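By the UniProt record's numbering, the letter at position 282 of the sequence shown is numbered 475, and the numbering carries on one by one without gaps.
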Amino acid sequence: DWTPQSFVEETVEAIQEKVGNDKVVLGLSGGVDSTVAAVLLNKAIGKNLYCIFVNNGLLRKNEFQNVLNQYEGMGLNVKGVDASDRFLSALKGIEDPEKKRKAIGNAFIEVFDDEAHKIEDVTWLAQGTIYPDVIESVSATGGPSATIKSHHNVGGLPDFMKLKIVEPLKAIFKDEVRRVGATLGIDPELLGRHPFPGPGLGIRILGDITAEKVRMLQEVDYIFINGLKEWGLYDRVWQAGAMLLPVNSVGVMGDERTYEKCVALRAVESTDGMTADWVNLPYEFLQKTSNEIINKVKGVNRVVYDISSKPPATIEWE
Ligand code: XMP
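What follows is the structure, given as structure tokens:
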């Protein structure tokens, strides 16, 4: 019978046998899969595991620092690399969703390759690939591995992709990954996190991306997600987030007419991201959240709630 305990024991042994005293590099995304993979590898080979956590500047508010602290607290050998500016300049003026994804994917590959080159004699690349990724080849839940896979045909293989591959989770499903993570003592809050796309807020800012738009959306998203947690709604939702629309609309503030941005909130129920239903969030919650966003986030004067199901509407707007 499969149990998380026996999975951990067997996998740790298998990793030790496979990589011996070699060095391994792994990209952490802040998500469940890469985190569980890292903790497993850390248990097996300790400091020979070199983790890299890249800030692409499109993460949630405070996420980079908070998650980096968490990783360090877990005893991982992790390097945080703040490459926000590099991603922002790569994205400058790009409006097309697929071109944005490519720009973000390519910037990630460049940054990760630079960092991997700094690790002397590294011979293995570890990935948090899980079984559904193996079947689908593009992860529904995001993360560096998904980014790499969908972009490995751009401009020849970067050096880190010539490394030998170790994928300790590639035979198990998401719920099993969570159970393994719990057995390894990983914070339940981290294990229960919603999926977040690899390109991050980059595909939730419709149209071109600027630092100011990222800041606005981070504030909106923070109010929404925090509210879901405070109201005990977070765990009822498969995934939630906010979209910054390329629309200005008229509002009034005091005697003044405003002409400011509109944001859309989206929360969906799903089991695998392939199909999804919008969540019937309480009106009181939506009311409070909308007021708070409009009062606190400068530049936003209108909030709408997305009541579209997938299909045909995708979870993300881009
Ligand atoms: P859609 O929008 O296609 O999203 O209904 C389904 C799931 O996939 C995530 N998603 C992505 N993840 N890179 C990723 O790593 C991407 O480019 C990407 N696009 C969508 C989305 O957040 C949802 O969980």
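We treat Cβ as the ideally placed atom computed from N, Cα and C, and that holds for glycine. All values derive from a computational prediction rather than experimental measurement.
Checklist entry - Counting along the chain, where does the beta strand (DSSP E) carrying residue 176 start and finish? => result As displayed, the chain neither begins before 194 nor continues past 511, which places residue 176 out of reach and without an answer.
Checklist entry - Nearest to N262 by alpha carbon, out of M354, R253 and G273? => result G273
Checklist entry - Taking contact to mean at least 3 C-beta pairs separated by less than 8 Å, is the stretch 386-397 in contact with the stretch 280-294? => result yes
Item to check | Residue closest to V496, alpha-carbon to alpha-carbon, out of L438, K503 and M467 | outcome: L438
Next on the checklist: At a cut-off of 7 Å, would you count I396 as near the ligand XMP, judging by its Cβ distance to the nearest heavy atom?
Outcome noted: yes
Next on the checklist: the ligand XMP and P388: does any heavy atom of the ligand fall closer than 7 Å to the residue's C-beta?
Outcome noted: yes
Checklist entry - Sorted by chain position, which residues of the same chain lie with C-beta nearer than 7 Å to L474's C-beta, five sequence neighbours on each side aside? => result L426 and A460
Checklist entry - DSSP state of S227, grouped into three classes? => result helix
Checklist entry - Can you give the beta carbon distance from E405 to V430, rounded, assuming they're within the 8 Å contact cut? => result Incorrect: roughly 28 Å between the Cβ atoms, too far for contact.
Checklist entry - From G321 to V212, what does the alpha carbon distance come to, in whole angstroms? => result 16 Å
Checklist entry - Below 8 Å between beta carbons: does that hold for K254 and D414? => result yes
Item to check | Helix, strand or coil at R386 [DSSP, three-state] | outcome: coil
Item to check | Whole-angstrom distance between V327 and R372, CA atom to CA atom | outcome: 20 Å
Checklist entry - So N235 packs on G266, CB below 8 Å; how close in whole Å? => result With a Cβ gap of about 13 Å, N235 and G266 do not count as contacting.
Checklist entry - Where do the N-terminal and C-terminal ends of the beta strand (DSSP E) with L219 fall, by residue? => result K216 to L221
Checklist entry - Does DSSP put E313 in a helix, a strand or coil? => result coil
Item to check | Reference I500; option with closest CA among S483, A457, V493 and R386 | outcome: A457
Item to check | Whole runs of the beta strand (DSSP E) within the stretch 268-313, excluding any shorter than 3 residues | outcome: 271-275
Checklist entry - Which residue from K367, G385 and G444 puts its Cα closest to that of I323? => result K367
Next on the checklist: Comparing C-alpha positions only, which one of E206, L221 and T228 sits nearest to E382?
Outcome noted: T228
Checklist entry - the ligand XMP heavy atoms versus the CB of G224: any closer than 7 Å? => result no
Checklist entry - Is any heavy atom in the ligand XMP found nearer than 7 Å to the beta carbon of P381? => result no
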